[in-house]
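Quick note: the sequence shown uses the numbering used here, first residue 357, plus one each step. For every residue, glycine included, the Cβ atom is placed at its ideal position computed from N, Cα and C. From a predicted model like this one, the values you see are computed outputs, not experimental measurements. Worksheet for the structure shown next.
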Amino acid sequence: MANVPLYKPPMLVDVLRIPLLGKILRHPYGRLALQAPLFIIAALLIYDGLTGDQIASKNLATVGAWVQYRGIVALALLLLGNLFCMGCPFTLPRTLARHLSIRGRRWPKALRNKWIAIGGLFLFFWLYEWLDLWKSPWLTAWVIVAYFVGSFVLEALFTESAFCKYVCPLGTFNFVYSATSPLQIRAKDHNRCHTCVGKECVNGSYAEKPMILIDEITDGVPTKTHEHGPDGVLGCGLLLYVPQIKSNMDCTMCLDCVRACPHDNVALAVRNPLREILDLSAWPKRVDLGFLIVALAFMGLVNAFGMIPPVYVLLVNIESITGIHSSGVLLFLVFFVAMLLIPAWLSFGASWLSAKLAGAKKAGAVKSTFIAFAPAFVPIGLGIWLSHYMFHFLTGALTIIPVFQYFLTTFGITVLGQPNWGLAQILPNEVISFLEISMLVGGYLVSAVVARRIAGKLYSRPGAAQLAWMPWALLMLGMILFAAWVMSQPMEMRAVETSWLIAQVGRL
Ligand code: SF4
Ligand code: SF4
């Protein structure tokens, strides 16, 4: 660790210094205060999903998971950062595994990358579409259960928060898009970290028996000490070392590092949201990370495309050509090509063209160009996902009220009144459409500007940066035009939020 240069971004504001909020966040049970309500909500979703009315629009599991959760998480990522991982209830079983002293081995070295996470995201989106998870409360409940079990088992078998870091599709989504979050963990005083003996932010301050650590000795006498003991916390489960953190990638915002640091040297700093994606050294130069960002933006397109009528025309055509009749296999093929192969071809094609146009001749220029430009796909990807998820959220945000009232009435509790099934949309259609387009256009413009800045950092020769940028700008333009076309189509779930919901209301 000592040989890696420490990173010193400018400090703006430390959220942990805000009265009351900072105190809550830093408290040993601060995270639990956020996790406990989310755990209760998850438990309610599981219960209603398994035992309640199996009409999607009347069940907490489907409305909570597919309308509320996704919209709120996407918006929070944009405005505040990775709040979901901070309050993630799926990590509570991990804590249980820790208390049961079930501690396994380190995650295998060959798997310490994002390829499994990319595969997990792909499988998640494929299963979501194939099994119509959005309209099955029962299956949705089992997805939540699977999350709890998966988190517990992986924590029991491996150290290093393997589930969060290498597997969890939700966390992976949050890690990528918290790149534009206005908040980031960082050290306040890097000199302090240089002389810090315990490196508790990563090593932890937990010890079974109390022990004293000496920080400073003057004239042979310890003048500054601190203690480790049963009240301490484990260090960063994801093995991030605070003074070297340059990005939000892999940071769950658990704040264990804050609580573990005996020198009060960790800040939750407000930052320029574009700083991370403009900093070419912010992320490790790895193809898996770059491909995750690019593929996730394409997954946003395909996820929305999977809900519009043309996808059925495409499936029927492929069925007649290949003779494959299984909808699961057909969808798998379409998704595999569109979510993984096409992004790989297009992005590596753009890298090759970009390097060639700029006159880059070094060995490995295509790979390094790909890695350098990949972060530029964060804003466009976020714009596509936000546009899609916010549509569902804004057209169905209020449905949670009658659904919860209905849930209570099944127990004979009517204190909140009878369900008003007319509640759904919170904004007029015109405003929602305007917001959708704004998110798409905004995401595209920011991505195009970021890509141009990256090109400028890579090539100083006059004209080279402009030429290197063009393939990426064209690729992004193609993506955003396709996204605009998809969003303009009538969607399967769009129908759920509007006419399908209305039809359900009419049946009551
Ligand atoms: S424990 Fe605190 S002072 Fe020590 S290295 Fe970590 S952040 Fe720096
Ligand atoms: S302990 Fe690690 S994951 Fe948690 S906030 Fe600190 S750096 Fe992020």
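DSSP state of residue 572 mapped onto helix, strand, coil: What you label residue 572 is simply residue 216 of the sequence shown in a count that begins at 1. Of the three classes helix, strand and coil, the one that applies to residue 572 here is strand, per DSSP.
Is the stretch 621-634 touching the stretch 533-545 in the sense that three or more CB pairs, one from each, lie closer than 8 Å? yes
Alpha helix (DSSP H) runs contained entirely in the stretch 634-678, provided each spans 4 or more residues: 643-661 and 666-678
List the residues that DSSP assigns as beta-bridge partners of residue 581. Translated into the one-based positions of the sequence shown, residue 581 becomes position 225. 570, per the DSSP bridge assignment.
Using DSSP's beta-bridge definition, name the partner residues of residue 540. Counted from its first residue, the sequence shown places residue 540 at position 184. In the DSSP output, where bridge partners are listed per residue, residue 540 has 625.
Does the Cβ of residue 612 lie closer than 7 Å to at least one heavy atom of ligand 2? Along the sequence shown, read from residue 1 onward, the residue named residue 612 stands at position 256. Indeed, a heavy atom of ligand 2 lies less than 7 Å from the Cβ.
Less than 8 Å between the C-beta atoms of residue 749 and residue 378, yes or no? For this step, residue 749 is matched to residue 393 along the sequence shown. For this step, residue 378 is matched to residue 22 along the sequence shown. It is not a contact, given that the beta carbons lie outside the stated cut-off.
Within 10 angstroms of its Cβ, does residue 502 collect 16 or more other Cβ (buried), or is it exposed? Counting from one through the sequence shown, the residue named residue 502 turns up at place 146. Exposed is the call here.
Could you name the residues of the same chain whose beta carbon sits closer than 6 Å to that of residue 429, not counting the 5 residues immediately before and after it, in chain order? Within the sequence shown, numbered from 1, the residue matching residue 429 stands at position 73. Closer than 6 Å at the Cβ level, and outside the excluded window around residue 429, lie 440.
Is the beta carbon of residue 580 sitting closer than 8 Å to the one on residue 572? Within the sequence shown, residue 580 is the residue found at index 224, counting from 1. Within the sequence shown, residue 572 is the residue found at index 216, counting from 1. For residue 580 and residue 572, yes; Cβs fall inside 8 Å.
In chain order, what residues of the same chain have a beta carbon less than 6 Å from the beta carbon of residue 352, not counting five sequence neighbours either side? In the structure as shown, the chain begins at 357 and stops at 864. Residue 352 is therefore absent and cannot be evaluated.
Is it buried or exposed, residue 604, if we count other Cβ atoms within 10 angstroms and call 16 or more buried? Stepping through the sequence shown from its first residue, residue 604 is reached at position 248. Burial call: buried.
Element boundaries [alpha helix (DSSP H), containing residue 444]: Position 88 of the sequence shown, counting from 1, holds the residue named residue 444. Run containing residue 444: none; DSSP gives neither H nor E here.
Could you work out which residue in 634, 794, 393 and 595 is closest to residue 727 when comparing CA atoms only? On the sequence shown, residue 727 is found 371 positions in, with the first residue counted as 1. For residue 727, the nearest C-alpha among the options comes from 634.
Under a three-way DSSP split, which group does residue 606 fall into? If you number the sequence shown from 1, residue 606 lands on position 250. Three-state result, residue 606: coil.
Hey, would you say the C-beta of residue 622 is under 7 Å away from at least one heavy atom of ligand 4? In the structure shown, ligand 4 is absent; the only ligands present are ligand 1 and ligand 2.
Please list, in chain order, all residues of the same chain as residue 707 whose beta carbon is under 6 Å from its beta carbon, the five residues on each side excluded. On the sequence shown, residue 707 is found 351 positions in, with the first residue counted as 1. Result list for residue 707: 722, 725 and 726, in chain order.
Give a single yes or no on whether residue 594 has its beta carbon closer than 7 Å to a heavy atom of ligand 2. Sequence index remark: in the sequence shown, residue 594 carries index 238 (1-based). Flag set: Cβ of residue 594 near ligand 2.
Given 8 Å, three or more beta-carbon pairs between the stretch 731-741 and the stretch 655-672: yes
Beta-carbon gap between residue 793 and residue 751 smaller than 8 Å: As a position in the sequence shown, residue 793 is number 437, starting the count at 1. As a position in the sequence shown, residue 751 is number 395, starting the count at 1. Taking 8 Å as the Cβ cut-off, residue 793 and residue 751 do not qualify as a contacting pair.
Residue nearest to residue 415 in terms of C-alpha spacing, selected from 425, 401 and 424: Translated into positions along the sequence shown, residue 415 becomes position 59. When each option's Cα is compared against that of residue 415, the closest is 401.
Report the three-state DSSP secondary structure of residue 533 (helix, strand or coil). The residue given as residue 533 occupies position 177 in the sequence shown. In the structure shown, residue 533 sits in a helix (DSSP, three-state: H, G or I).
Just to confirm, are residue 381 and residue 394 a CB contact at a threshold of 8 Å? Position 25 of the sequence shown holds residue 381. Position 38 of the sequence shown holds residue 394. Contact: no.
When the Cα of residue 388 is compared with those of 790, 763 and 612, which residue comes out closest? In the sequence shown, residue 388 corresponds to position 32, counting from 1. Considering only alpha carbons, the answer is 612.
From 383, 385, 422 and 397, pick the residue whose C-alpha is nearest to that of residue 753; which is it? Taking the sequence shown and counting its residues from 1, one reaches residue 753 at position 397. Checked all of 383, 385, 422 and 397; the closest Cα to residue 753 is 422.
Does residue 853 pass the burial test, meaning 16 or more other C-beta atoms within 10 Å, or should it be called exposed? Taking the first residue of the sequence shown as position 1, residue 853 is located at position 497. Low confidence applies here, because residue 853 scores a pLDDT of 40, under 50, leaving its location unreliable; read the following figure in that light. It is buried - the Cβ of residue 853 has at least 16 other Cβ atoms within 10 Å.
Kindly indicate which residue of 419, 631 and 519 has the alpha-carbon position closest to the one of residue 536. By one-based count along the sequence shown, residue 536 stands at place 180. Out of 419, 631 and 519, 631 has the C-alpha closest to the C-alpha of residue 536.
How about residue 404 and residue 392: are their beta carbons less than 8 Å apart? Here the question's residue 404 lines up with position 48 in the sequence shown. Here the question's residue 392 lines up with position 36 in the sequence shown. Contact flag unset, no.
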